[in-house]
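Data first, discussion second: the structure below is written as structure tokens.
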Amino acid sequence: MMKLAIVGRPNVGKSSLFNRICKKRVSIVTADEGVTRDRIYFETDFFGKKFEIIDTGGIVINSKENFLKEILFQANVAIEEADVIIMVVDGKVGLTLLDKDISKILIKSNKKIVLAINKIDDLEREYKVEEFYSLGIKSIIKISSLHGYGIEDLLEKAFEGIDEKDNQIDCSIKIAILGKPNVGKSTFLNYLLKEKRAIVSKTPGTTRDCVDSKIEINGNIYNFIDTAGIKRKNKEKDIIGKFSYIRTMEAVKRADICILMIDAIDGISNIDKKILSYIKENGRDIIYLINKCDLLSDKKKINQWIEDNKVQGFLASAKTGENIDKIFYFIEKIRKMQNTKIPTSELNRFMDLCIKRCHPTMIKGKRLKIYYLTQIGTAPLKFLLFVNNPFLFENSYKKYLINQFKKMFSLEGVSLFFNIKKRI
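So for the sequence shown, our numbering puts the first residue at 2; every next one is plus one.
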């Protein structure tokens with residue numbers, strides 16, 4: 002699949018262009034510089050041609066600030082990955098020295114470059130576009146990310162002369178990495194990637210957007226989604242914090258499996274409980290990664306908690322790498338359970354056994370009758386239960402059946418869904 006990278010100095014409208022091409026808000030956009038820090042990936046299409054677009058942070062060259070150095074590194078990796086580079090400049094401000102420096106770096110990459118002169122928002126106004134021709138980039142398109150002018154022309158120019166790569170269906174396993182700020186999510190991801198995809202800092206909340214990173218092992222493609230750390234409600238008043246929160250919630254919905262990373266020293270916090278509740282509400286399966294085990298003197302209590310609560314989880318250290326590769330064992334274990342198929346005959350033998358052990362209670366002189374159970378889906382596991390009256394099916398009895406079901410078929414740690422239907 003062809004890759005397009007959007008690069009440029011801060012605040013020229015890169016993320017607005019990215020969102021316009023994606024046809025939805027994926028990157029956070031504000032008037033502040035440096036809001037996009039990591040590389041943001043999104044698969045989309047243009048007149049039937051699928052491609053991947055990469056948003057990058059605003060490039061500042063020779064800066065002494067660590068964050069700006071990291072952003073430059075991220076942009077360089079995106080340039081290396083891309084088939085085509087879209088350099089964005091500001092048509093209102095005109096050509097700057099930084100634009101010149103960035104263009105020199107891009108030209109040295111020997112990649113196809115399209116210059117997008119952005120913020121041409123008023124077609125009747127004159128802009129200083131002629132000076133951009135001095136950069137030596139042949140393909141130049143005037144656009145307005147705000148109004149959508151010139152976007153089709155820009156993409157046509159980007160695709161021009163490029164061999165179309167195979168349009169592949171995304172068969173990757175999507176895993177969202179969730180947890181409170183500074184719990185070690187990006188450090189964990191970087192250890193897996195063996196490259197600095199996500200910016201790591203001691204400052205809480207340095208991942209603002211959700212970052213997708215794919216790893217292929219033994220023919221399996223794992224798409225890890227690094228998310229922003231969710232903060233307390235009273236700290237979510239800023240617009241960037243709110244957008245980051247929304248992105249994180251969307252990542253849960255996209256994921257096949259969620260990793261909830263918990264600080265081994267602090268234990269399960271109120272924020273962790275909030276995340277856990279949202280994951281369960283969306284029916285996603287969870288791996289509990291108890292991070293920072295290198296700081297623990299006694300690991301028995303936590304291992305006992307994992308065993309007692311019958312959850313899929315393990316102790317690890319993202320900093321030292323201890324047990325980190327275990328994540329793939331747990332992912333595959335859950336995937337295997339998620340794709341379990343149980344014959345209808347076995348399901349109904351199980352149901353008969355459960356009813357004999359514990360009969361449904363009477364409600365207003367009427368008793369629930371269960372006639373038939375059959376499987377209707379995998380990943381997540383879904384079952385259809387035919388009864389005499391769905392209103393007699395109490396939540397307590399439903400929980401009893403689910404618990405017995407997980408024990409009987411060795412499915413502890415994955416979500417089960419029972420759809421209740423009246424037999425006609």
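Using N, Cα and C, we set each Cβ at its ideal position, and we do this for glycine too.
- Scanning Tyr330, Asn324, Tyr372 for the CA closest to the CA of Thr345 turns up Tyr372.
- Closest in C-alpha terms to Gly180, from the list Ser270, Ile86, Leu261, comes Leu261.
- DSSP, reduced to helix, strand and coil, places Val61 outside both helices and strands of the structure shown, so it counts as coil.
- For Phe225, DSSP records a beta bridge to Ile176, Ser214.
- Bridge pairing for Tyr150: Ser145 [DSSP].
- Assigned with DSSP and collapsed to three states, Arg285 falls in coil, not helix or strand.
- Cβ atoms of Ser17 and Leu147 come within 8 Å of each other, at about 7 Å.
- Remark: C-beta atoms of Tyr192 and Ile325 approach each other more closely than 8 Å.
- For Asp91, the enclosing beta strand (DSSP E) has its first and last residue at 85–91.
- Ser397 counts as exposed, since fewer than 16 other C-beta atoms from the protein chains shown sit within 10 angstroms of its C-beta.
- Counting C-beta pairs closer than 8 Å gives fewer than three between the region 322–340 and the region 350–360, which falls short of the contact rule.
- For Lys423, the secondary structure class from DSSP, reduced to helix, strand or coil, is strand.
- Assigned with DSSP and collapsed to three states, Ser140 falls in strand.
- Between Ala159 and Val115 the beta-carbon gap is near 5 Å, inside 8 Å, which marks them as a contact.
- Taking the CA atoms as reference points, Arg336 sits about 12 Å from Gln313.
- With respect to the 8 Å criterion, Ser318 and Asp295 are classified as neighbours on the basis of their beta carbons.
- Taking Ile22 as the centre and dropping the five residues before and after it, the same chain places the C-beta of Ile54 closer than 6 Å to its C-beta, in chain order.
- Straight-line spacing of the CA atoms in Ile231 and Ile280 works out to 13 Å.
- Your pair Leu417 and Phe406 checks out as a contact, with CB atoms roughly 6 Å apart and the cut at 8 Å.
- If you check the CB distance, Ile258 and Ile332 come in under 8 Å.
- As DSSP reads the structure, Gly314 sits in a beta bridge with Tyr289.
- Within the region 70–129, complete alpha helix (DSSP H) segments of at least 4 residues are found at 98–109, given in chain order.
- Closest in C-alpha terms to Val85, from the list Lys400, Ile218, Ile138, Arg255, comes Ile138.
- Spanning the alpha carbons of Arg10 and Leu99 requires a straight line of approximately 7 Å.
- Taking each of Ile288, Ile62, Thr379, Phe410 in turn and checking the Cα distance to Ile263, the smallest one comes out for Ile288.
- Look at the beta carbons and you see the region 123–133 touching the region 87–98: at least three pairs across the two are nearer than 8 Å.
- Under DSSP, Cys259 forms a beta bridge with Ala177, Ile287.
- Excluding five sequence positions before and after Ile303, the CB atoms of its chain that fall closer than 7 Å to its own CB belong to Ala265, Ile291, Leu316, given in chain order.
- Note: Asp56 is bridge-paired with Ile7, Ile41 in the DSSP secondary-structure output.
- Gly162 is classed as exposed because its beta carbon has fewer than 16 other beta carbons within 10 Å across all chains shown.
- Under the three-state reduction of DSSP, Phe189 is assigned to helix.
- Sixteen is the threshold: since fewer than 16 other Cβ atoms of the shown chains lie within 10 Å of the Cβ of Ile218, the residue is exposed.
- Counting only runs of 4+ residues, the alpha helix (DSSP H) found wholly inside the region 321–388 occupies 327–339, 345–358, in chain order.
- Assignment of Asp295 by DSSP, reduced to helix, strand and coil, places it in the helix class.
- For the pair Pro182 and Arg368, the Cα-to-Cα distance works out to about 49 Å.
- Less than 8 Å separates the beta-carbon of Ile121 from that of Lys143.
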